[in-house]
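Participant: Before anything else, here's the structure in question.
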Amino acid sequence: MTWTTPWMLTWTERLTLFSTLDFIALGLLALAWFWIGWRIENPRPDQPSVSNLMADFRREWMAQMVARSPRIFDSQVIASLRQAAAFFASAAMIALGGGLALVGNTEQLAGVAQDLTLASTPVFVFEIKILASLAFLTNAFLVFVWSHRLFGYCSVLMAAVPNEASDPDAYPRARQAAEINITAARSFNRGLRSTYFALAALAWLAGPLALIAATLVTTAVLFRREFVSQSRAILLESTARFAPVSRPVSQPVSQPASQPDARAASQADTKS
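Residues 1 to 272 in the UniProt record's numbering are what the sequence shown spells out, letter by letter.
What follows is the structure, encoded as structure tokens:
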């Protein structure tokens with residue numbers, strides 16, 4: 001058996017090319033990616049994440065949009081969000097193309113292997129390690145594209161919101177636009193996390209210990225940004241001043257409708 005023909009090996013023999021520590025590091029990477037995503041999207045009530053806090057502001061945005069005229073600012077914001085999703089989708093596609101080209105060039109992979117480890121390692125091992133990173137990039141590309149499409153749906157719903165706040169369809173449609181916007185942002189954030197972990201997976205080229213270290217650092221950075229960052233503290237301070245944020249946009253405040261009744265009652269008291 002020679003290292004020059006790894007594709008002639010059986011799958012059992014191919015698995016023996018990886019150490020137990022390699023499997024542990026790869027499992028930790030997948031577990032950390034899943035856990036941090038679940039933790040961010042399902043935070044404790046007393047410890048909301050930045051993404052969770054921003055969801056409230058997105059609902060408030062759509063509630064304020066109903067009474068805003070003209071809605072040029074709203075169209076500019078949703079357009080910038082779509083552009084961001086399109087940019088990251090394009091970047092992920094370019095990175096995928098580069099990674100696949102690298103996998104197809106075994107000679108360059110052999111050179112990278114020798115430079116990183118100073119050992120004779122089968123090219124097949126490094127192909128698998130690069131494919132692990134490409135798997136995260138593939139997921140990132142797919143969710144970025146879906147996020148871009150959802151932001152498009154949101155823009156259509158925003159355009160369907162009546163200009164008059166008194167219209168019975170105004171707030172229900174604004175609520176729909178808000179929920180689609182939140183779903184699009186959730187997909188966008190998932191794409192960013194997959195991109196972060198794709199970069200962390202590249203550390204596997206330097207060995208399983210490097211992959212474990214990169215996984216822990218990436219998870220810690222994501223956790224800090226979502227739960228202990230300065231931006232989160234600012235959002236918490238702002239949320240305390242926005243009592244209507246928790247009010248569904250489908251339930252408009254009825255004070256303007258009650259004002260004529262109050263004036264009529266006041267005039268009746270004056271005449272009496």
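Even glycine gets a Cβ: it sits at the ideal position worked out from N, Cα and C.
Closest by CA to Phe151, which one among Leu28, Leu205, Ala184, Val217?
Facilitator: For the purposes of this step, residue 151 is identified with residue 151 of the sequence shown, where counting begins at 1. Checking every option, the nearest Cα to that of Phe151 belongs to Ala184.
Participant: Quick check on this structure: which residue in Ser229, Thr195, Phe18 has the alpha carbon closest to the alpha carbon of Val123?
Facilitator: Here residue 123 is taken as the residue at index 123 of the sequence shown, counted from 1. Ranking the options by Cα distance to Val123, first place goes to Phe18.
Participant: Measure the alpha-carbon distance for Arg175 versus Arg232 and round it to whole angstroms.
Facilitator: The residue labelled residue 175 in the question sits at position 175 within the sequence shown. The residue labelled residue 232 in the question sits at position 232 within the sequence shown. Computed Cα separation, rounded: 24 Å.
Participant: Using only the alpha-carbon positions, how far apart do Leu134 and Leu96 sit?
Facilitator: In the sequence shown, residue 134 corresponds to position 134, counting from 1. In the sequence shown, residue 96 corresponds to position 96, counting from 1. For Leu134 and Leu96, the distance between alpha carbons rounds to 6 Å.
Participant: Closest by CA to Arg186, which one among Arg39, Ala67, Ile212?
Facilitator: For the purposes of this step, residue 186 is taken as the residue at position 186 of the sequence shown. Taking only the C-alpha atoms, the option nearest Arg186 is Arg39.
Participant: Once you ignore the five residues that flank Asp22 on each side, which residues in its own chain have a CB closer than 7 Å to its CB?
Facilitator: Looking up residue 22 in the sequence shown gives position 22. So the list reads Pro208, once near-sequence residues are dropped.
Participant: Helix, strand or coil: how does DSSP classify Gln251 here?
Facilitator: Translated into positions along the sequence shown, residue 251 becomes position 251. Note that Gln251 has pLDDT 48, beneath the 50 cutoff, so the model's placement of it is unreliable and the number below is only indicative. Coil, per DSSP.
Participant: With DSSP collapsed to three states, give me the class of Ala203.
Facilitator: In the sequence shown, residue 203 corresponds to position 203, counting from 1. In this structure, Ala203 counts as helix in the three-state DSSP scheme.
Participant: How would you label Glu226, buried or exposed, when you count the other beta carbons within 10 angstroms and need 16 or more for buried?
Facilitator: What you label residue 226 is simply residue 226 of the sequence shown in a count that begins at 1. Classification for Glu226: buried.
Participant: Here's a check: name, in chain order, each residue in its chain whose Cβ is nearer than 7 Å to the Cβ of Phe73, leaving out the five neighbours to either side.
Facilitator: Looking up residue 73 in the sequence shown gives position 73. So the list is empty, once near-sequence residues are dropped.
Participant: Which two residues bound the contiguous alpha helix (DSSP H) that contains Asn139?
Facilitator: Here residue 139 refers to the residue found at position 139 of the sequence shown. Unbroken alpha helix (DSSP H) run through Asn139: 123-159.
Participant: Look up Ala30 in the DSSP assignment and say whether it is helix, strand or coil.
Facilitator: Residue mapping note: residue 30 aligns to position 30 of the sequence shown, counting from 1. Helix at Ala30.
Participant: With H, G and I counted as helix, E and B as strand and the rest as coil, what does DSSP make of Asn163?
Facilitator: Your numbering for residue 163 matches position 163 in the sequence shown. Asn163: coil per DSSP, three-state reduction.
Participant: Leaving out five residues before and five after Ala67 in sequence, what residues of the same chain have Cβ atoms less than 6 Å from its Cβ?
Facilitator: As a working mapping, residue 67 is identified with position 67 in the sequence shown. Contacts found: Ala165.
Participant: So what does DSSP say about Ser49, is it helix, strand or coil?
Facilitator: As a first step, residue 49 is located in the sequence shown; it is residue number 49 there, counting from the start. Looking at Ser49 - three-state DSSP - the assignment turns out to be coil, as it is neither helix nor strand.
Participant: Using 8 Å for Cβ pairs, my map puts Ala89 next to Ala201. What's the rounded Cβ distance?
Facilitator: Mapped onto the sequence shown, residue 89 falls at position 89. Mapped onto the sequence shown, residue 201 falls at position 201. That belief does not hold up - the Cβ atoms of Ala89 and Ala201 are roughly 19 Å apart, past 8 Å.
Participant: Expressed to the nearest angstrom, what Euclidean distance is found between the alpha-carbon atoms of residue 278 and Thr215?
Facilitator: Residue 278 is absent from the structure shown; the chain starts at 1 and stops at 272.
Participant: If you draw a straight line from the C-alpha of Leu31 to the C-alpha of Pro168, how long is it?
Facilitator: Taking the sequence shown and counting its residues from 1, the one referred to as residue 31 is at position 31. Taking the sequence shown and counting its residues from 1, the one referred to as residue 168 is at position 168. Spanning the two alpha carbons is a distance of roughly 47 Å.
Participant: For Thr10, which three-state DSSP category applies?
Facilitator: Position 10 of the sequence shown, counted from the start, is the residue given in the question as residue 10. It is coil, neither helix nor strand.
Participant: Go to Arg44, then tell me how far its alpha helix (DSSP H) extends in each direction, as first and last residue.
Facilitator: As a position in the sequence shown, residue 44 is number 44, starting the count at 1. It is not in any alpha helix (DSSP H) - Arg44 carries neither H nor E in the DSSP assignment.
Participant: Helix, strand or coil for Phe18, going by three-state DSSP, please let me know.
Facilitator: Residue 18 sits at position 18 when you count from the first residue of the sequence shown. Coil at Phe18, not helix or strand.
Participant: To the nearest angstrom, report how far apart Thr20 and Leu81 are at their CA atoms.
Facilitator: For the purposes of this step, residue 20 is taken as the residue at position 20 of the sequence shown. For the purposes of this step, residue 81 is taken as the residue at position 81 of the sequence shown. Spanning the two alpha carbons is a distance of roughly 43 Å.
Participant: Using the beta-carbon count (16 or more within 10 Å), is Phe59 buried or exposed?
Facilitator: Position 59 of the sequence shown, counted from the start, is the residue given in the question as residue 59. A small correction: the amino acid at residue 59 is Arg; Phe does not occupy that position in the sequence shown. Under this definition Arg59 is a buried residue.
Participant: With a Cβ-Cβ cutoff of 8 Å, do Phe188 and Ile36 count as a contact?
Facilitator: Along the sequence shown, one-based indexing puts residue 188 at 188. Along the sequence shown, one-based indexing puts residue 36 at 36. No, Cβ-Cβ distance for Phe188 and Ile36 is not below 8 Å.
Participant: Would you mind giving the Cβ-Cβ distance between Trp33 and Phe197, rounded to the nearest angstrom? I have them listed as a contact below 8 Å.
Facilitator: The count along the sequence shown starts at 1 and reaches residue 33 at position 33. The count along the sequence shown starts at 1 and reaches residue 197 at position 197. That belief holds up - the Cβ atoms of Trp33 and Phe197 are roughly 5 Å apart, short of 8 Å.
Participant: Counting contacts by CB-CB distance shorter than 8 Å, is Pro70 in contact with chain C?
Facilitator: No chain C is part of this structure, which consists of one protein chain only.
Participant: Considering only their Cβ atoms, is the gap separating Leu137 from Gly99 smaller than 8 Å?
Facilitator: For the purposes of this step, residue 99 is identified with residue 99 of the sequence shown, where counting begins at 1. For the purposes of this step, residue 137 is identified with residue 137 of the sequence shown, where counting begins at 1. Contact flag set, yes.
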